[in-house]
Amino acid sequence: MANKYQQRSQGGEGGGYGRNEPVPDPKRTAPKVDLLALPMDSARKEVENCLANHDNAIIMAETGSGKTTRTPIILLEANPDARIAVTQPRRVAAISVADYVAECQGERVGGKIGSQVRFDNETSKETRVIFMTDGILLAKLKADPLL
Ligand SMILES: Nc1ncnc2c1ncn2[C@@H]1O[C@H](COP(=O)(O)OP(=O)(O)O)[C@@H](O)[C@H]1O
Ligand SMILES: [Mg+2]
Numbered sequence: 000m001a002n003k004y005q006q007r008s009q010g011g012e013g014g015g016y017g018r019n020e021p022v023p024d025p026k027r028t029a030p031k032v033d034l035l036a037l038p039m040d041s042a043r044k045e046v047e048n049c050l051a052n053h054d055n056a057i058i059m060a061e062t063g064s065g066k067t068t069r070t071p072i073i074l075l076e077a078n079p080d081a082r083i084a085v086t087q088p089r090r091v092a093a094i095s096v097a098d099y100v101a102e103c104q105g106e107r108v109g110g111k112i113g114s115q116v117r118f119d120n121e122t123s124k125e126t127r128v129i130f131m132t133d134g135i136l137l138a139k140l141k142a143d144p145l146l
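The sequence shown: position 27 = 26 (numbering that gives the first Met the number 0), numbered continuously.
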């Protein structure tokens, strides 16, 4: 049987949790969703080495290999105090991927994992990974060029 995430992704933009629907209480969900291994999971060591030895890196891998959803968690586990921005071109993508990654971590959006799009900021001082639109990152850079 397809798992919840497969069902949600098949539903396209209409699927998944709406912003006003209750998100499952993390206390009642398992700490982590039983995730299928993705190619990015096997690249963990390489990503960690890149982080330790280079200021910039470009990761190239097929669509669906876990670049967007797994890399920020690998980076965060290597450096728990980091503040990590992940950009998406569209607001719906930023919001839904944040929901997904937060739930995979057994968390709610607005804790360690947040999202920020125009008119909707789901972050707090605990937030370490922020999924945001390209526009929000540009606005942040304008406000603080040394970001
Ligand atoms: N919003 C989402 N809802 C449900 N599943 C998702 C969502 N985003 C990603 N996934 C799952 O995670 C896998 C990896 O996605 P992703 O990290 O976005 O890949 P990439 O960035 O390499 O294209 C997808 O194949 C899909 O199964
Ligand atoms: Mg991606």
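Backbone N, C-alpha and C fix where the C-beta goes; we use that ideal spot for every residue, glycine too.
| Asked | Found |
| --- | --- |
| Assigned exposure category for Val-91 - 16 Cβ within 10 Å defines buried | exposed |
| Thr-67: CB within 7 Å of a non-hydrogen atom of ligand 2 | yes |
| Neighbourhood of Val-100 by C-beta distance below 8 Å, restricted to the same chain and skipping five residues each side | Thr-68, Pro-71, Ile-72, Ile-112, Val-128, Phe-130 |
| Minimum length 4: unbroken alpha helix (DSSP H) runs contained in the segment 32-109 | 38-41, 43-52, 66-77, 90-103 |
| Where Asn-119 sits in the DSSP three-state scheme | Before going further, note that residue 119 is Asp rather than Asn in the sequence given. Strand. |
| CB contact flag (Thr-122, Gln-87, <8 Å) | no |
| Buried or exposed (CB count within 10 angstroms, at least 16 for buried), Asp-54 | exposed |
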